[in-house]
Amino acid sequence: MYFTVRSYMPSGVKQILPSLCKDMFRVLDSLDFNSPPEDSATARLKIAKRCLIIFCTLVTRHRKHADNQMLHIVNCVIRISKQSIHLSKLNSLSDRIFSLTFDVISRVLETGPGWRLVSPHFSSLMDSAIFPALALNEKDIADWEEDTDEYMRKNLPSELDDISGWAEDLFTARKSAINLLGVLALSKGPPVVSAASKRKKGDKSKGKGGSCIGELLVIPFLSKFPVPSHGEDASSKAVQNYFGVLMAYGGLQDFLSERKDLAVTLIRNRILPLYYLDPCSPYLISTANWIIGQLALCLPEAMCTDIYNSLMKALSMEDAEDVTCYPVRASASGAIAELIENGYAPPDWVALLQVVVKRISAEDENESALLFQLLGTIVDAGQEKVVAHIPGTVSNIANTIINLLPPVPDPWPQVVEQGFAALVAMVQAWDSSAPDENKEHEKSAWQLGQTAITQTFSTVLQKAWLLPVEQMEPTLDSALPPPSCVNDASVLLEFILRSITSMEEITHMNVFELVVIWADIIAYWDSWEEEEDQGVFNAIKEAVSFHQRFDSSGFFLKMLPSQSANGSQSSVISRVSSFVTRAIAAYPSATWRACSCIHTLLHAPDFSLGAEDTRMTLAVTFGEATFSYFKGVSDSPAGIWKPLLLAISSCYICYPDAIQQVLCKDNGNGYTAWASALAQVSSSSFTPGLSSESEIKLAILTLATVIERLLALSMGGTKVLQDCYTSLMGSCIHLKDVQEDGDDGDGDGAEDLDDDDDEEDTDDDDEDSEDDDVREETEEEFLARYAAAAGESIEVVEEGDIDEETQDIELGSLDEMDIQQVVLSLIQKHTALLQAQVLPDDLIERIAETFPEYEQLLHAHQLRC
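Take the sequence shown: its letters are residues 8 to 872, numbered as in my numbering.
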């Protein structure tokens with residue numbers, strides 16, 4: 008039944024829906040939670056759960072049919088919800104049933120008829136259903152003692168940012184009760200919801216203007232419960248009830264964000280006093296921290312200092328003899344991060360930094376993982392306030408990370424991953440603090456810090472990569488360390504390579520050894536969907552730069568034994584190229600980055616005598632991979648053409664014969680297809696067009712070589728030659744314009760502003776103004792609509808991921824060539840054949856203005872025209 012109606016309402020089901028609903032009501036009415044359900048009741052509970060899911064679907068997607076059953080649905084779910092007082096004694100399946108019961112009520116409240124039916128029950132719902140689900144109970148205390156992470160997942164949820172009647176996947180009764188309370192607080196009267204908007208989330212604007220249920224009922228109800236007195240513990244009814252009050256406040260974030268004065272009053276009078284109780288109840292303090300994090304946007308600057316001091320007190324709360332305070336410290340960490348991210352500047356950044364670093368240790372991995380996240384936030388926001396302390400901080404947390412690294416080949420735990428992420432945040436802050444060259448004293452001090460950080464990073468990577476390889480058991484197939492944190496570790500390696508200034512440092516820090524094992528790791532890395540990869544690509548370019556500066560012996564090009572399972576020999580450049588080759592087809596942004604690296608790997612390394620075969624192998628491999636991917640997207644022009652075709656151009660310009668064979672291997676027209684597409688990309692009408700000087704130079708050199716080859720193949724009268732010649736001349740003009748402007752251009756793609764959101768908002772308003780009796784779509788219409796939406800989604804993803812930015816690509820010695828002389832030589836060599844081509848009149852005029860020396864050529868073209 009659920010799978011039948013979850014998307015559309017088949018005509019056959021419409022006729023029997025009333026009968027089916029009666030059967031489901033009978034199942035739900037038979038539920039009694041006054042005592043824990045017996046094992047024999049499991050099947051009935053599962054059926055009841057499915058019935059409630061069906062009711063959620065009917066109210067959400069099939070209002071026209073659900074309205075007739077709305078009264079029975081409301082009475083049924085309210086009866087069940089008022090048994091929530093027994094939640095602490097029930098199992099997870101029963102808890103899920105209560106969760107769905109609250110979800111059904113939330114959905115019903117978003118409809119006009121449903122609101123009218125539920126409104127008489129508002130007071131009893133608050134008192135007998137919602138609040139009992141929020142109050143502290145025995146199960147909460149047991150979770151706190153046995154599994155603090157489970158306690159936090161259930162009671163300090165981070166996913167309640169969107170309070171809505173249409174919220175899904177809340178799963179626990181408490182989360183669903185919090186969501187229902189938020190929906191209830193925002194409502195002012197029966198909403199007018201059209202059939203076309205039934206699938207939409209709740210309109211949060213309905214809380215604006217006039218009194219709503221939050222002011223009339225919810226806040227007065229919660230105000231009945233006083234702040235607990237000194238000395239009361241978790242067994243106190245006052246503490247248990249106030250825990251429920253705090254949970255309720257956490258669900259009112261949307262309501263309170265529209266009433267900031269009320270939010271301030273509640274925090275001052277109902278939350279901050281909790282931090283001064285003696286003793287502080289950890290159950291209340293952890294929830295208070297969570298609320299502050301939820302309401303961070305509402306907090307006035309004048310209150311932030313008091314709030315921050317309270318959170319710092321919570322962050323430093325030590326465990327009691329029989330009670331852990333980890334949830335208190337964890338929630339305080341999250342709340343402080345929220346304050347900082349919303350613009351609050353602590354009065355003493357250094358003191359905060361020191362407190363966090365002091366608490367990070369190898370003894371409590373879960374807490375250290377959260378503190379690493381807070382540390383990253385502090386460094387990102389504090390920048391110049393904490394930058395002087397970054398070298399010392401890096402050293403302290405590096406020692407912790409080293410102690411937390413597991414024995415190989417185990418994957419790294421989350422705390423180590425968060426530690427590496429914190430190190431990356433410090434790298435970025437340190438780089439941005441680099442003083443100007445003319446400030447010699449500051450530059451000298453900064454350089455000392457740079458050296459210290461570099462040494463620390465080297466120690467961490469040696470521990471993470473080199474020592475595991477030495478300690479690996481010979482029985483293992485692969486001696487590679489686990490491919491954990493590859494992107495963040497690559498950022499650290501890039502920092503090392505960029506900071507090295509002498510061969511002595513290289514030897515002392517084992518830099519060559521680190522590069523070898525890193526290249527081995529990324530050669531087999533294949534986690535495109537799970538991890539970022541920008542740091543890997545940046546490290547590849549920095550490794551090539553390091554090779555140019557320090558690798559006079561050609562170490563990067565030597566054949567070295569691999570630590571992988573196959574144990575084959577390969578060079579560092581070859582291993583890096585393996586990563587780049589696989590990245591080409593990974594996803595659009597990776598394609599752009601990989602193609603940029605192709606230029607670097609082909610043109611920047613010193614392929615000395617004896618290593619030319621390596622370069623040719625790379626060119627052929629890159630050419631095959633890029634052309635293979637291009638063929639898959641060649642049906643219609645797309646932005647991804649540009650990096651692919653330019654990458655093939657770099658390969659071709661190095662080895663024209665070999666790459667021509669690659670292009671024609673499976674299709675004899677492959678060469679001309681690529682040449683034609685390159686001409687199209689090089690034209691002024693293509694978007695994103697060639698924008699940087701290096702891109703235009705490469706296109707011109709390649710087009711000139713292609714024209715030579717086409718003429719040699721007696722293809723002088725073909726369209727592909729005509730297109731290549733036209734694009735060649737247009738690109739020459741473009742290059743001179745860019746050179747004269749003194750910059751790389753602003754990029755045509757920068758003006759592509761997306762106004763679709765505004766259009767969608769307009770459409771939504773139009774839909775909401777429709778009448779409730781709008782005809783419900785048929786099965787065929789539903790399927791057609793979803794198919795169209797899926798097609799649009801795929802198109803947006805494919806184009807949206809592409810980096811439409813100017814890319815200054817590496818050309819090596821090609822960058823020194825006189826481009827204008829190359830073109831002029833081509834024209835002089837093949838004057839008659841090229842003059843036979845017809846150039847557009849406007850292009851001839853632009854050539855005459857830009858290159859007066861081409862006057863004779865232009866005269867011949869004008870005569871032909």
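Cβ atoms here follow ideal geometry from the backbone N, Cα and C, with glycine treated the same way.
Assignment of beta-bridge partners to Ser577 by DSSP yields Leu567.
With respect to the C-alpha of Ile298, the residue from Ser88, Pro286, Val394 and Glu345 having the closest C-alpha is Glu345.
Of the residues Ser575, Asp540, Ala592 and Met510, the one whose Cα lies closest to the Cα of Phe553 is Met510. For the options Val523, Tyr531, Gln435 and Ile660, the alpha carbon positioned closest to that of Leu473 is the one of Val523. DSSP places Thr179 outside both helix and strand once states are collapsed to three, so it counts as coil. With respect to the C-alpha of Ser738, the residue from Gln842, Gly819, Leu720 and Phe693 having the closest C-alpha is Phe693. Residue burial is scored here from C-beta neighbours: Tyr732 has at least 16 other C-beta atoms within 10 angstroms and is therefore classed as buried. Within the same chain, Gly561 and Leu564 come within 8 Å of Ser615 by CB-CB distance, once the 5 residues on both sides are set aside.
Ile404 is not a Cβ neighbour of Gly383, given a cutoff of 8 Å.
Per DSSP, His69 lies in no alpha helix (DSSP H) segment and is marked neither H nor E. Going by beta carbons, Phe109 and Ser88 fall inside the 8 Å limit.
DSSP places Ser734 in the helix class (H, G or I) of the three-state scheme.
About 6 Å separates the beta carbon of Pro420 from that of Glu372, a gap short enough to meet the 8 Å contact definition. With a cutoff of 8 Å on beta-carbon distance, Ala142 and Gly251 are scored as near each other. Relative to Gln541, the option among Lys446, Val579, Asn674 and Pro595 whose CA is nearest is Pro595.
In the three-state reduction of the DSSP assignment, Pro663 falls in the helix class, which pools H, G and I. Contact between Gln390 and Ser439 holds, with the beta-carbon distance rounding to 7 Å and staying under 8 Å.
For Trp532, the secondary structure class from DSSP, reduced to helix, strand or coil, is coil.
Per DSSP, the unbroken alpha helix (DSSP H) holding Arg86 starts and ends at Met77 to Ser88. The C-alpha of Ser581 is placed about 12 Å away from the C-alpha of Ile528.
Cys311 and Tyr351 have their C-alpha atoms roughly 7 Å apart. For Ser293, the enclosing alpha helix (DSSP H) begins and ends at Pro289 to Gln301. A contact between stretches requires three or more CB pairs, one per stretch, nearer than 8 Å, and the region 840 to 851 fails this requirement with the region 812 to 823.
Contact check for Val362 and Ser323: beta-carbon distance about 7 Å, within the 8 Å limit, so the pair qualifies.
The criterion of a C-beta distance shorter than 8 Å is satisfied by Val627 and Val669. Using a 10 angstroms sphere on the CB of Asp495, the tally of other CB atoms reaches 16 or more, which defines it as buried.
Taking 8 Å as the cut-off, the Cβ atoms of Val829 and Ala711 count as close. The beta carbon of Val393 sits closer than 7 Å to the beta carbons of Trp356, Val357, Leu360, Ile385 and Val386 from its chain, once the five residues preceding and following it are set aside; these are given in chain order. Scanning its chain for C-beta atoms nearer than 6 Å, with the 5 sequence neighbours on each side dropped, one finds no residue around Gly238.
Shown here, Thr118 sits in coil according to DSSP, grouped into three states, outside any helix or strand. Spatial neighbours of His93 in its own chain (CB-CB distance under 7 Å, excluding positions within 5 residues in sequence) are listed in chain order as Phe40 and Asn41.
Close CB contacts of Ser402 within its chain, under the 6 Å cut and outside five residues either way in sequence, are with Thr463 (chain order). Measuring C-alpha to C-alpha distances from Ala592 to each of Pro650, Phe557 and Glu549 identifies Pro650 as the nearest.
For Tyr283, the closest C-alpha among the options Ile314, Tyr256 and Val423 is that of Ile314. Setting aside the 5 residues that flank it on each side, Ile547 is surrounded in the same chain by Val583 and Cys604, each with a C-beta closer than 6 Å to its C-beta; the list follows chain order.
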